[in-house]
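Just below is one structure, and these are the notes that go with it.
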Amino acid sequence: MRHVTSLRIGSIGFRVGSDWSAPIAVLRDLYRDYPGAEDGIPDFNVHLFAARPWRRLVRPSVHIGGDFVIPDAAPLPLAQGLLAAEMGMNLQMALGQRRYLLLHASAVERDGRALLMTGQSGAGKSTLAALLMARGWRLMGDEFALVDPATGLIHGFPRLVSLKNEAIGVMERALPNGRFGPALEGTPKGRIRHLVPDASAIAAMAEPARPALILFPSYGFEPAERPVLPSECFVRLTQASTNYVALGERGFDALTGLVRSVPAHAIDYPDTATALTQVERLWGVL
Amino acid sequence: MGGAVNPAALLAAALRDPASVLALDPPGWTALLAVARAEQLIGTLAHRVQGLAIPPAAARVLEDARASAEQGRVAALWEAEMARRALAGIGIPVVLLKGTAYAAAGLAAGTGRSIGDLDILVPRGRIGEAEAALLAAGWEWVKPDPYDDTYYRRWMHELPPLIHRERDRMIDVHHTILPLTARITPDADALLADSVALGNGLGVLAPMDMICHAAAHLFADGDLAGGMRNLWDIHCLIGEFGTEGLEARAARHGLASAVRRAARQANDLYGTPIPESWCVWDSVDPLYRRRLLARDGWGRPAHRFTRLGFYIRSHWLRMPPGLLVRHLWTKWRKAHVPG
Amino acid sequence: MTLYRAAAPATLRIVPLDALTLIYHRASGITHVVDAPVPEILDALADGPLSGEALLAALAERFDLADPDPLALAVRLDELAAAGLVERLCAM
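Chains as they are written, first to last, in the numbering used here: chain A, 35 to 320; chain B, 2 to 340; chain C, 315 to 406.
This is how it looks when you write it as structure tokens:
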């Protein structure tokens, strides 16, 4: 691991190592305003490695390693090294996070209260969160929201926002002065471009917020809304969590507390402008 | 990292003498935690250093590991209980093996230990009934056609692996512990006859048998994967029960040399109290030690020794075919769940 | 005669929600999402094991069931045994 960097996202520290300099250079650049791991001791390690020494140079192929790994994961080409690093960090969170209940949800904050948006890939939670950030909300995270079982507060994970395909153009137009990473073509999920969270998101990354609203957005439908009862919310959120079971009773407390105290709605939307209107209205009547 | 200190040696030192971690700098801590995770000893480490004035970031990682190990313990003991319920109806007593046994019996070896699959020992003559009862209670075969695997059944010391349909947890049903040579096989009847009842319908092996089993397990896999944890188990068991009667018991199971080697390796790594005469090293012990401690600062396996591999491999050629099958089976299993 | 024993009340965290009841079983770490008559069955068994008939009678009386069905109860008990919330005891 000749090339190494340390970075902290929210309250989680990572050490990322690589057999190649390029992915580390990109990470250092895009995460330049982020602090390093607290006390110099990371919570998780990720390393990007070549399967054989000569594969560092010949048809370089990046394998993702770390404290927690999935066996037989497919490697990525070196040009997508940034993506490999991101996937590595995601994997540590998904498989190794034990302090907080981890939800696959985006989160934004206003006035100390958090809005959570959760759903399957493609439902739009990342894009909506980024658009809300462009409108002045504090971005807490586009992919993971963390629930503290002890307090019920939401802790953010403001990594680089991962934009895919059409969402890239949407955000480039919404944030003409935004900091974007390199455009990555031909990834397993299509075109990907990363957006660096804005200064207020980075500055407040360690500040939790009280959850106030949970939304289940669905993209590509006629506009509709319906309230989601706690029982349905609970079941859907267990599906949206990778570590609910591992947390045991603490996870049970965190999730039952969340669904019993925070209203939830499902929203269907045909386009982001409609969704943003729905969001602002539902937030306004809290 | 403190220069060229082997990070695995750092872990051994930390377990052996917890106060030694107070001298670690951040890179040292980083490497220690990475290796502890890789060796599945981070929960154990967390317990060993509990209460010491360590950096907050390290304390949080270790607290999470401690909580994780505790939840794993609950799940493992539950698997044992469900197996007991499935087999109680036909009167087969469940003797627990390895991590689950240590946890169920409240042994030092179980403190903070990460536990994988459930391993149990049943009488060979009743293994067919045990299999049927487990299948009826919701377990199913991991491999699609185990009945074609008559070869496996005839030679192996365990059933093909079963996984519970709802809980998604595996159980390995053994009728003996692994033989290390073709000539002498462990005395399975003695293992069962001398097992210790825990009073809740579950049993564990007698202490000296537990040590024999751990040693057999350590050397059965030529890679010595999980060796540091295995030796820590042995260190704890010897610390708790001593070595009286161990040599004789090991000889009965044909495991005398494995137990002696495991004991002296544990003594070297962790300071396990063993008779002076047992501390003498042979020419291969340094190779074993080096293999056990082969980790880099990222927790990755380092310098694979082809020389040691050849040494072990030469043994395989003298072993019955069943053990080769087990070796291959274990390789496949490793992809499934860490043991 | 077969008796049914429920998990001890101290091992169960029961949280009724709107349409469903959540049960966190401490001994197993498993969260069960259940509906009637599961909480009622567990409650009826809280004071000690009962046979299938005794349990049916207790439920019928408490909930004023018009036509208590032993087969339906047996099926529920099988499910609960598989889930680990109830244990089947065979009195020898």
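All C-beta atoms in this analysis are idealised placements derived from N, C-alpha and C, irrespective of residue type, glycine included.
* Pull up the distance between the alpha-carbon of S140 (chain A) and that of L197 (chain A), whole angstroms please. => Position 106 of the first sequence, counted from the first residue, corresponds to residue 140 (chain A). Position 163 of the first sequence, counted from the first residue, corresponds to residue 197 (chain A). Their Cα atoms are separated by approximately 13 Å.
Look at the Cβ atom of A15 (chain B), then the Cβ atom of L34 (chain B), and state whether they are nearer than 8 Å.
For the purposes of this step, residue 15 (chain B) is taken as the residue at position 14 of the second sequence. For the purposes of this step, residue 34 (chain B) is taken as the residue at position 33 of the second sequence. Their beta carbons are not under 8 Å apart, which means A15 (chain B) does not touch L34 (chain B) by this criterion.
Beta-carbon proximity list for E248 (chain B), same chain, < 8 Å, skipping 5 on both sides: Within the second sequence, numbered from 1, the residue matching residue 248 (chain B) stands at position 247. The residues are A257, V260 and R261.
### Query
With respect to the alpha helix (DSSP H) encompassing T290 (chain A), which residues constitute its N-terminal and C-terminal limits?
Residue mapping note: residue 290 (chain A) aligns to position 256 of the first sequence, counting from 1. Unbroken alpha helix (DSSP H) run through T290 (chain A): E283 to S295.
Would you verify that the beta carbon of E401 (chain C) is, or is not, closer than 8 Å to some beta carbon of chain B?
-> Here residue 401 (chain C) is taken as the residue at index 87 of the third sequence, counted from 1. For E401 (chain C), the answer is yes, since a Cβ of chain B falls inside 8 Å of its Cβ.
Should P311 (chain A) go down as buried or exposed, given a rule of 16 or more other Cβ atoms within 10 Å for buried?
Here residue 311 (chain A) corresponds to residue number 277 of the first sequence, with the count starting at 1. Note that residue 311 (chain A) corresponds to Thr in the displayed sequence, not to Pro. Exposed, since its Cβ has fewer than 16 Cβ neighbours within 10 Å.
Within the same chain, show all residues whose beta-carbon is closer than 7 Å to that of G73 (chain B), passing over the 5 residues directly before and after it, in chain order.
-> Within the second sequence, numbered from 1, the residue matching residue 73 (chain B) stands at position 72. Closer than 7 Å at Cβ, skipping near neighbours: S115 and I116.
Please identify, using Cβ separations under 7 Å, the residues of the stretch 50–76 of chain B that lie next to chain C, in order along the chain. Q72, V75 and A76
Can you grab the Cα-Cα spacing for the pair D305 (chain A) / R49 (chain A), in whole Å? The residue you call residue 305 (chain A) lines up with position 271 of the first sequence. The residue you call residue 49 (chain A) lines up with position 15 of the first sequence. Each residue's Cα considered, the two are about 39 Å apart.
Alpha-carbon to alpha-carbon, G139 (chain B) and A350 (chain C): The residue given as residue 350 (chain C) occupies position 36 in the third sequence. The residue given as residue 139 (chain B) occupies position 138 in the second sequence. Straight-line Cα distance between these residues: approximately 24 Å.
Under DSSP, the alpha helix (DSSP H) around V313 (chain A) begins and ends at which residues? As a working note, residue 313 (chain A) is residue 279 in the first sequence. Unbroken alpha helix (DSSP H) run through V313 (chain A): T306 to G318.
8 Å Cβ cutoff met for A298 (chain A) and F250 (chain A):
Counting from 1 along the first sequence, the entry for residue 298 (chain A) is found at position 264. Counting from 1 along the first sequence, the entry for residue 250 (chain A) is found at position 216. Cβ atoms of A298 (chain A) and F250 (chain A): closer than 8 Å.
request  = Please go through the same chain and pick out, in chain order, the residues whose beta-carbon is closer than 6 Å to the beta-carbon of R260 (chain A), but skip the five residues on each side of it.
outcome  = One-based indexing of the first sequence puts residue 260 (chain A) at position 226. Excluding residues within five positions, the ones whose Cβ falls inside 6 Å are A300.
- [ ] Give every residue of the same chain whose Cβ lies closer than 6 Å to the Cβ of F311 (chain B), excluding the five residues on either side of it in the sequence, and list them in chain order.
- [x] Here residue 311 (chain B) refers to the residue found at position 310 when the second sequence is read from its first residue. With a pLDDT of only 47 at F311 (chain B), under the threshold of 50, the placement of this residue in the model should not be trusted; the figure read from the coordinates follows. Closer than 6 Å at the Cβ level, and outside the excluded window around F311 (chain B), lies no residue.
Might you give, ordered along the chain, the residues of its own chain that have their beta carbon closer than 6 Å to the beta carbon of R319 (chain B), omitting 5 neighbours on each side?
-> Counting from 1 along the second sequence, the entry for residue 319 (chain B) is found at position 318. In this prediction, R319 (chain B) has a pLDDT of 48, which is less than 50 and means its spatial position is unreliable; nothing more can be read from the coordinates.
ask   = Between the C-alpha atoms of A215 (chain B) and D101 (chain A), what's the straight-line distance to the nearest angstrom?
value = Numbered from its first residue, the second sequence carries residue 215 (chain B) at position 214. Numbered from its first residue, the first sequence carries residue 101 (chain A) at position 67. If I take the Cα positions, the gap works out to 26 Å.
Point to revise | Outcome for F255 (chain A) when other beta-carbon atoms lying within 10 angstroms are tallied against a minimum of 16 | key: As a first step, residue 255 (chain A) is located in the first sequence; it is residue number 221 there, counting from the start. The residue is exposed, with fewer than 16 neighbouring Cβ atoms inside 10 Å.
- Task: Give every residue of the same chain whose Cβ lies closer than 8 Å to the Cβ of R294 (chain A), excluding the five residues on either side of it in the sequence, and list them in chain order.
- Result: The sequence position of residue 294 (chain A) within the first sequence is 260, counting from 1. Taken in chain order, the residues that qualify are P264.
- [ ] Output yes or no for whether 8 Å exceeds the beta carbon distance between L187 (chain A) and P109 (chain A).
- [x] Reading the first sequence from its first residue, position 153 is the one you call residue 187 (chain A). Reading the first sequence from its first residue, position 75 is the one you call residue 109 (chain A). Not a contact, by the Cβ cut-off of 8 Å.
- Task: Closer than 6 Å by C-beta to L387 (chain C): which residues in its own chain qualify, once you throw out the five before and the five after it? Chain order, please.
- Result: Taking the third sequence and counting its residues from 1, the one referred to as residue 387 (chain C) is at position 73. Cβ neighbours of L387 (chain C) beyond the five flanking positions: L370.
Closest to V230 (chain A) by C-alpha separation, out of A:D302, A:R62, A:E314 and A:M121, would be which residue? Along the first sequence, one-based indexing puts residue 230 (chain A) at 196. Comparing Cα positions, the closest option is A:R62.
message: Could you check whether L160 (chain B) and V174 (chain B) sit closer than 8 Å to each other, using their CB atoms as the reference points?
response: As a working note, residue 174 (chain B) is residue 173 in the second sequence. As a working note, residue 160 (chain B) is residue 159 in the second sequence. Cβ distance < 8 Å, so V174 (chain B) and L160 (chain B) count as in contact.
Selection of the stretch 284–301 of chain B by Cβ proximity to chain A, strictly under 9 Å
D297, G298, W299, G300 and R301
Collapsed DSSP secondary structure at W142 (chain B) in the structure displayed: Here residue 142 (chain B) refers to the residue found at position 141 when the second sequence is read from its first residue. Looking at W142 (chain B) - three-state DSSP - the assignment turns out to be strand.
Can you tell me whether N124 (chain A) is helix, strand or coil according to DSSP? Mapped onto the first sequence, residue 124 (chain A) falls at position 90. It is helical.
Taking the Cβ atom as the reference point for each residue, do A264 (chain B) and W279 (chain B) lie within a distance shorter than 8 Å?
-> Working through the second sequence from its first residue, we reach residue 264 (chain B) at position 263. Working through the second sequence from its first residue, we reach residue 279 (chain B) at position 278. Yes, the Cβ-Cβ distance between A264 (chain B) and W279 (chain B) is below 8 Å.
- request: Would you mind giving the Cβ-Cβ distance between A76 (chain B) and G343 (chain C), rounded to the nearest angstrom? I have them listed as a contact below 8 Å.
  value: To locate residue 76 (chain B), count along the second sequence from 1; it is residue 75. To locate residue 343 (chain C), count along the third sequence from 1; it is residue 29. With 8 Å as the limit, A76 (chain B) and G343 (chain C) qualify as a contact, their Cβ atoms being about 5 Å apart.
Open item on the list: By alpha-carbon positions, which one of C:L356, C:Y318 and C:R319 ends up nearest to L336 (chain C)?
Closed with: Against the third sequence, residue 336 (chain C) aligns to sequence position 22. Closest option to L336 (chain C), Cα to Cα, is C:L356.
request  = Starting from M83 (chain B), find everything on chain C with Cβ-Cβ shorter than 7 Å and list it in chain order.
outcome  = In the second sequence, residue 83 (chain B) corresponds to position 82, counting from 1. Within chain C, the residues near M83 (chain B) are G398.
Using a Cβ-Cβ distance under 8 Å, would G90 (chain B) count as near chain C? As a working mapping, residue 90 (chain B) is identified with position 89 in the second sequence. So yes, G90 (chain B) belongs to the interface.
Worksheet item: Quick check: the stretch 87–99 of chain B against the stretch 45–61 of chain B, are there 3 or more CB pairs under 8 Å?
Response: no
For R227 (chain A), the three-state DSSP class (helix, strand or coil):
Taking the first sequence and counting its residues from 1, one reaches residue 227 (chain A) at position 193. Strand, per DSSP.
- Other residues of its chain near G220 (chain A): CB distance less than 6 Å, five sequence neighbours each side excluded: Position 186 of the first sequence, counting from 1, holds the residue named residue 220 (chain A). Closer than 6 Å at Cβ, skipping near neighbours: no residue.
Next on the checklist: Please state the DSSP three-state secondary structure of A321 (chain C).
Outcome noted: The residue you call residue 321 (chain C) lines up with position 7 of the third sequence. The answer is coil: DSSP assigns A321 (chain C) none of H, G, I, E or B.
- [ ] Measuring alpha carbon to alpha carbon, tell me which of A:V103, A:Q131 and A:L82 ends up nearest L63 (chain B).
- [x] In the second sequence, the residue the question calls residue 63 (chain B) occupies position 62. Per the Cα distances, A:Q131.
| query | Interface residues of chain A around R38 (chain B) at Cβ under 7 Å? | reply | Position 37 of the second sequence, counting from 1, holds the residue named residue 38 (chain B). Simply D101.
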